[in-house]
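> Quick one: the structure is below, questions incoming.
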Amino acid sequence: MKKSGFFAGIIFLILLGLAVGCGSKLKDVERAQREGILLRGNNTEPETLDPHVATGVPENQIISSLIEGLIAYHPSDDTAIEFGMAERFETNAAGDVYTFHLRDAKWTNGDAVTARDFEYSYRRMLTPELGAEYVSMLFVIKNAQRYYESRVQPKPGEQPLPWEEVGLKVLDEKTLEITLTGPMPHFPLMLKHYSWFPVNPRNIEAHGGMTNRDGRWFAVGNFVGNGPFRLKTWRTNQILEVEKNPDYWDAENVKLNGIRFFPVESVDTERRMFEAGQLHLTGNVPLHEIPIYREKSPHLIRTDPYLGTYFYRVNLTREGPMRDVRVRRALALSIDRASLIDNVLKGGQTPAHYFVPRGIPGYTPKDYLRFDPSEARRLMAEAGYPEGRDFPVLEILYNTREEHKTIAETIQQMWRQTLGIDLRLHNQEWKVYLDAQSNFEYDIARAGWIGDFVDPYTFLEMFTTGNGNNDTGWSNERYDALIARSIRTGQTSTRFALLEEAESILMEELPIIPIYIYTNTILLHPAVKNWNPKLLDNRNMKYIYLEEVPPQPRASKLY
Amino acid sequence: MSAPSANREEAVLQEESFSLWEDAWRRLIQNRLALGGLVFFVIMAALCFSSPVIAWLTGLSYQEQDLALGATSPSLSHWFGTDDLGRDQLIRCLYGGMVSIGVGFAATCVSIVIGVAYGSIAGYGGRKTDAAMMRIVDILYSLPFIIFVILLTVYFGRNIFLLFVAIGCVEWLTLSRIVRGQVLHLKVQQFVEVARTLGSKEKDIILKHLFPNVLGPVIIYSTLTVPGVMLLESALSFLGLGVQPPMSSWGSLIKEGAEKMEVYPWLLILPALLFSTTLFSLNFLGDGLRDALDPKDSPK
Amino acid sequence: MFRFILIRLLQLVPVLLVIITLTFALVRSVPGGPFSAERKVSEHVLEKLNEHYGLNDPLYLQYFNYLKNICPKKLNLPALADFDLKEGLGIDLGPSFRYEGRTVNELIAESFPVSFELGAYALLLALLIGIPAGTLAALKKNTLLDYIPMSSAMMGICLPSFVLGPLFALVFGLWLDWFPVSGWQAPGGFSWADDLPYKILPALTLGIFYAAGLARLTRGGMLEVLNQDYIRTARAKGLSSFTVTVKHALRAGLLPVISYFGPVVAGVLSGSFIIEMIFQIPGLGRHFINAANNRDYTLVLGTVLFYATLIILLNLIVDIILVLMNPKLKFEK
C-alpha cells in the first residue's frame, strides 16, 4: 500500500521537475513577438467564417482579417473612409448613385477581384435561400428589398423581380455602380460592415453553390479570401490561426506575420492567460480587476469609448403601474448612474442620460435625464404611490451573468431607497431570457445594444412600431414618422435633426430606461502598437504591429 | 401463525431496535470527535438559522448596500469585511448558511430515501427487477440535466420546492447503485442465509440484517453528497432555479469569491471556511454515526 | 457470463432509444431555438434557416429521420478507432446548428480524445492517491495516519473545482510560474512532452476531487470488511497483514468504491465543463453544456447519446466486476 503511494509521489515529482524545466523558457508572448504573431483573446468559438451568414463580434474580428470589402476599416477613425478593394468612388449629383473603381487585387486562389465578384456576393446575400441574417443591411440598394421580398412572400399576382432590376450594375471588370433607394451620404461607411464583403464565386460554386450553407468553403484548405491574412489552422474551442497573405495587394504594408485567435469564454481565464504571457490582448476585463490594473499597472489596461448603450426595457403590454409614464420617469430619475459607474462598474462608462451614445460626429444628444430623487418621489406620489405604498411587487429580468446581477442588485437597492418600492430580481438562462423578452413575459428587463455602424439610426430604428427588436410594446406614430422621414433625407444635418427629435420623444415616453454608455476595456500588452481607440472596435489588422519591449513584470506580483 | 404471537414478535423487534438506537447513541456520545462535530454543527446551524434575528439585533442587512464603501477587508465594524457592493459579509454568510444547510439537508434526505429504497429493492428483488430498475437509473444518468432544470424553471416558476426535486432527482442515482451493489453482496452472505434458513421473514431480514449493513456506505456517501448538493444549489440558481440574489448561499458566495480571490481574498476564504468547517463537523459526525451503528462492533 | 454480457448489450438498444426519445422531447420543449439571438432574426430568415436544417418538418418526422440517421449500418473497425462514427458505424449525428460547417460527428471525434486523455490522467491520479490513502486510514483507524489523509480528503471535497482550478492556476501558474495557466497543446510544440505541462493543473484539479471521494469510500468499505469474521479468521490463521489486506479485505472493501466508479469514470472521461472552461481545454464537456445553452439540438442529442453509451457500458463493466469479486453471486440464476 505504501509502495503505490511512494510511486505516485515519484511520478508527481518527475512531472513537477519537467514542468519547472519548461518554466524557464520564453513566454508565449515574447516568442510570438519575435515571430511577429499577435496572440489575441477572442471570446467565443466563431460560429462561421462566412461573412454573409456571420452575426457576431468574434466572427467579425476574424473575417475582417481574411476578407476585405470595398471600403475597409480605418486604423483610427470609424467615420473616415479607408479604401479597400475600391481605389476610389464617385457619386452623382443627386447622391444616390455610387460608382466604385476597383484596384488590382487577387484572391488567394489566384483569381482577380472583379466587379462581378461583388455582384455575385450581393446577389448571394439577397437570395432568400441563403438565410442571411443581415440581409436588411443591403436594402438600401434600389429594388433590393423588392427583389428579396418578392421571393419570400410575394404579394398576390406578383412575379419575382428579375435580378436586372436591382440597382447593381457591372460597368466593366473593375467598375461597379450601385444605385440606392435615395441619397445617402453615409453609405460608404455602411460598406465597412461584413455583410458587404465579397466572396470568391469560383470557390463558392465549387463547394455546393451560392446558397449552400454547409460551410465547406471556409474550411482550412478551402478558404479563399482577399484580405491581408489567410486562414492557416482552426481547431474548435482551441485556436484559429491566420498568417500573412503574400498575394494581398498591400502585402508590403502588412506588418504582422500572423494572428492567433483564442476562443476564451471565461473572462477570468483570459485575464490569467494575459498575466501568464499567453495573450497580447484580451477582449474583456473582469469588473473587479479594473481598479487593480488602473492602480498598479495602468500601462496594461485600456479603456476606449464604445458605441453601445446598456438599458432596461419596460413591458408596456402588461397592466400595472409601469403603464404610467410618471412611474417610468420616476424610476429613470432615481438611478444614481454616476455612483453605479464609479463604485460598481469602474470602467469609465458614461451615465446614460440619453439613449444614443455620444461620439457620432454631428449628432449631440441633450441630457434628457438626471439623478433627481426628490422629483422622482414627487412623480411617484402623483402617480398614486407615495413612498412606494401599494406598489405591486414587480420583477427585474436579466440573463445570468455576474455583471448583470450586480447592476440589478444595485438598481433594486436604489429604487428601494429612493422610492420605497421593492422589486424582485429574476435571472434566467440566456435563451429563456430572450424568449421571455420577445413574448412580453417580463416587467422590466435588462438589455444592451451595440451600433452596427456609426449612426444614430441603428439605435433609434428599433423602437418603431412592431420592430422585431422593440420588445416593449411601445408605439408612437410621431416617432415612426420621424424615423421614416429620416431615411428619405439625404442631408446629414436634417436627418440628424429628425433623429434627435425622435430621441427626445423616446426619452419623454421612456419605454426604456437608459443606464450607461458602454466602454471597451481591455488588457493590452505594451508591445502591441497602433491599437487606437475606436467607437466600434473594428480593427484593420494590417496596421497593427508588435514592437520589441523588455519583459513585463506581472501585475499579480505587484500586490 | 396466530395473531398474538405476531404481536409479541413485533414487540420484541421494537424493543430490540429501541435498544439498538439507544446503544448507538451511547456510543456516539462517547466518541469525542463525533460529539465535537455534533456540537459544532448544532451551534453553526443555530447561528445560521437565527440570522434574521441577528440581522434585526445588529441592524445589519444582507441586501443593504454601501456603494461608496465598497469592498473592505475584515474590520471591527464588519468582522467578515464587506463585498464589492459594500454589504456586510458576515450577515450574508449567515443567511447563506441558512439556505445551504437547509437545502443540503433536505435534498440529501430526499436522495437518501429514494436511493436506499430504490437500491435495496433492485438489489434484493430478482434479476429482472434489478435489470429493469438499473436501466432506468442508466437512463436518468444520461439525460441532459441542464435542460431538465431549465424546463422546470420555465414551467413551474421559481418554487423552492422544485430545487429539492431537481437536486433529489440526480443525487440519488449513484447512491442507489452503491446500495444495490452492497445488497447484492450481502444477500448471499452467510448470516443472511442462516437467518433465512432459520425462517426469518423477508421484512426482518431486510430490516435487521441488510439495512444496518448498508448504512455505513450510505452515511459515508451522504457526507460526500451534502457538499455536492450545496454547490449544486449555486449552479441551479445560476440557471434561474431556487434562491435569487440579493439573497445569498454558501455556494454562490464561494463562487463569487473564487472569481475575485486575487483582489478580495476574504470574500472567498471566510465563506469557504464556514462551509468546510461545517462539512468537517458533519463528516466526523457521520463517521461516528457509522461506527456507532455498525452491528459488527456491537458488544454481543 | 457471455450470455449475461450479450443480454446487457441487447438491453442497450431499448435503453438508448428511451434516452433519445426523452432527450428529443426535452430539448424541443425548452424555450428558445438555435437561432434566437439578442438581435432578432427576421421571420423570413428564420423560416429559411429552419427549412435548411429540417426544422419545419413535423416533429415526428424529424424524430424518425434522426433515428434513421443514427442507426448503425455497418462496421468498419479501423475507421472506428479514429472515432469516425460515420465511416465506422454509419452513424450520422447531423450538422451542428451553431457551428456552421461542422458536423456533430466531427465535433465529438475532435473533442472526446481530449477529454478522454485528461480524464485518464485524473483517474490515474485519483486511484493512485485515493485507494492507498483510504486503505491506510482504515488500517490505522483513529491514528494520525487516519486523520491526516481523511482531513485532506475532506478538504478536497469541500473545495469545488471552480475554487481549486483558479487557485492552482494562480499559485502554480502565476505566482510560481511552473505551469501554463491554460491551453491544451503547446503552440508550435510537437511531442507529448511539450504538451504535458499544460495538462498537469487540469488533471490535478479534476483528480483531487475524485481521489478524495475514493479515499473516503475505500476507508469506509475497508472498515466494514476488516471487522468481518472471515478477515478475523484469516488473521487468526496467521496470514500476513499485507496478504489479508490485499487478498481478502480490499476485495470486499472496494465494493462501494466500484459501484461509485462506473458513473464517475463515464463523467470524467466525457469531460468536465468547469475545468475545460477554466483551463481553456477543447474537450467534450464544453460542447455538452454549450450545446444545451445554444439549443444546438443535434449536438445535444449527439453528446447525450455518446455519454449514455459510455455510461451504460461502464456500468456493465462495473456489474461484471462486482460479480467477479463476489464468487457467490452468479451471472445466471
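Chains A, B and C are the protein sequences, given in the same order.
Start counting the first sequence at 34; every next residue gets the next number (the numbering used here).
Start counting the second sequence at 6; every next residue gets the next number (the numbering used here).
Start counting the third sequence at 412; every next residue gets the next number (the numbering used here).
Glycine included, C-beta positions come from ideal geometry on N, C-alpha and C.
Everything numeric in this text was worked out from a predicted model, so none of it was measured.
1) Scan the segment 290-313 of chain A for residues whose Cβ lies nearer than 8 angstroms to a Cβ of chain C and list them as they occur along the chain.
2) Does the Cβ of residue 211 of chain A have 16 or more other Cβ atoms within 10 Å, making it buried, or fewer, making it exposed?
3) Going along the chain, which residues of its own chain have a beta-carbon closer than 8 angstroms to the beta-carbon of residue 358 of chain C, five neighbours each way excluded?
4) To the nearest angstrom, how far is the alpha carbon of residue 95 of chain B from that of residue 296 of chain B?
5) CB-CB under 6 angstroms to residue 548 of chain A, same chain, minus the five flanking residues each way: which ones, in chain order?
6) Excluding the 5 residues preceding and the 5 following residue 35 of chain A in the sequence, name in chain order all residues of the same chain whose CB lies nearer than 6 angstroms to its CB.
7) Does any residue of chain A bring its CB to less than 7 angstroms from the CB of residue 293 of chain B?
8) Taking residue 164 of chain A as the query, report the chain C residues whose CB atoms sit under 7 angstroms from its CB, ordered along the chain.
9) What residues from chain A crowd round residue 73 of chain B, counting only those whose CB sits closer than 8 angstroms?
10) Please state whether DSSP places residue 396 of chain A in a helix, a strand or coil.
11) Which same chain residues, not among the five before or five after residue 610 of chain C, have their C-beta less than 7 angstroms away from its C-beta?
12) For a test of the three-state rule: what should DSSP assign to residue 73 of chain B, helix, strand or coil?
13) Name the DSSP bridge partner or partners of residue 134 of chain A?
14) With DSSP collapsed to three states, give me the class of residue 438 of chain A.
15) Following the continuous alpha helix (DSSP H) through residue 480 of chain A, name the residue where it begins and the one where it ends.
16) For residue 124 of chain B, which residues from the same chain have a beta carbon less than 6 angstroms from its beta carbon, with the 5 sequence-adjacent residues on both sides left out?
17) Can you list the residues of chain B that residue 460 of chain A reaches, using a CB-CB cut of under 9 angstroms?
18) Please check the pair residue 412 of chain A and residue 362 of chain A, which I expect to be a contact at CB under 8 angstroms, by giving their CB distance rounded to whole angstroms.
19) When you measure from the CB of residue 479 of chain C to every non-hydrogen atom of the ligand SAH, does any distance come out below 6 angstroms?
20) Give the DSSP bridge partners of residue 578 of chain A, in chain order.
21) So residue 536 of chain A and residue 388 of chain A are supposed to be a Cβ contact under 8 angstroms. How far apart are they, rounded?
22) Determine whether the beta carbon atoms of residue 550 of chain A and residue 383 of chain A lie at a separation below 7 angstroms.
23) Here's a check: name, in chain order, each residue in its chain whose Cβ is nearer than 6 angstroms to the Cβ of residue 429 of chain A, leaving out the five neighbours to either side.
24) Flag this pair as touching only if the segment 564-580 of chain C and the segment 617-627 of chain C have three or more C-beta atom pairs under 8 angstroms; answer yes or no.
25) Between the Cα of residue 499 of chain C and those of C:508, C:445 and C:489, spot the shortest distance and give me the residue it belongs to.
26) In chain C, which residues lie with their C-beta within 7 angstroms of the C-beta of residue 280 of chain B?
27) Looking at C-alpha atoms only, which residue of A:493, A:310 and A:319 is the closest neighbour of residue 593 of chain C?
28) From the DSSP secondary-structure annotation, give me the bridge partner or partners of residue 346 of chain A.
29) Check whether the segment 196-207 of chain A touches the segment 144-162 of chain A, counting contact only when three or more Cβ pairs, one atom from each stretch, lie closer than 8 angstroms.
30) Using beta carbons (cut-off 7 angstroms, strictly below), is residue 502 of chain A in contact with chain C?
31) In chain B, which residues lie less than 8 angstroms from residue 671 of chain C when you measure between Cβ atoms?
32) Under three-state DSSP, which class holds residue 263 of chain A?
33) Let me confirm a value: residue 107 of chain A is counted as buried when at least 16 other C-beta atoms fall within 10 Å, else exposed. Which label applies?
34) With a threshold of 7 angstroms between beta carbons, is residue 108 of chain B in contact with chain A?
35) Using the three-state DSSP reduction, which class does residue 317 of chain A fall into: helix, strand or coil?
36) Which residues, in chain order, does the segment 51-65 of chain B contribute to contact with chain C at a C-beta distance below 7 angstroms?
Taking the geometry as given:
1) 293, 295, 297, 298, 299, 301, 302, 305, 306, 308, 309 and 311
2) buried
3) A query on residue 358 of chain C cannot be resolved here, the shown segment of chain C reaching from 412 to 744 and no further.
4) 35 angstroms
5) 343, 344 and 385
6) Below a pLDDT of 50, predicted positions are generally treated as unreliable, and residue 35 of chain A, at 40, falls in that range; no measurement from the model is reported.
7) no
8) 456, 459, 460 and 463
9) 372 and 376
10) coil
11) 529 and 532
12) coil
13) A:121 and A:208
14) helix
15) Residue 480 of chain A -> not in any alpha helix (DSSP H); beta strand (DSSP E) instead, spanning 477-483.
16) 181, 184 and 185
17) 242, 243, 244, 245, 249 and 250
18) 6 angstroms
19) By its list of ligands, the structure shown contains no ligand whatsoever, and the ligand SAH lies outside what it can speak to.
20) A:562
21) 6 angstroms
22) yes
23) 441, 456, 458 and 477
24) yes
25) C:489
26) 569
27) A:310
28) A:478 and A:545
29) yes
30) yes
31) 179, 182, 183 and 226
32) strand
33) buried
34) no
35) coil
36) none
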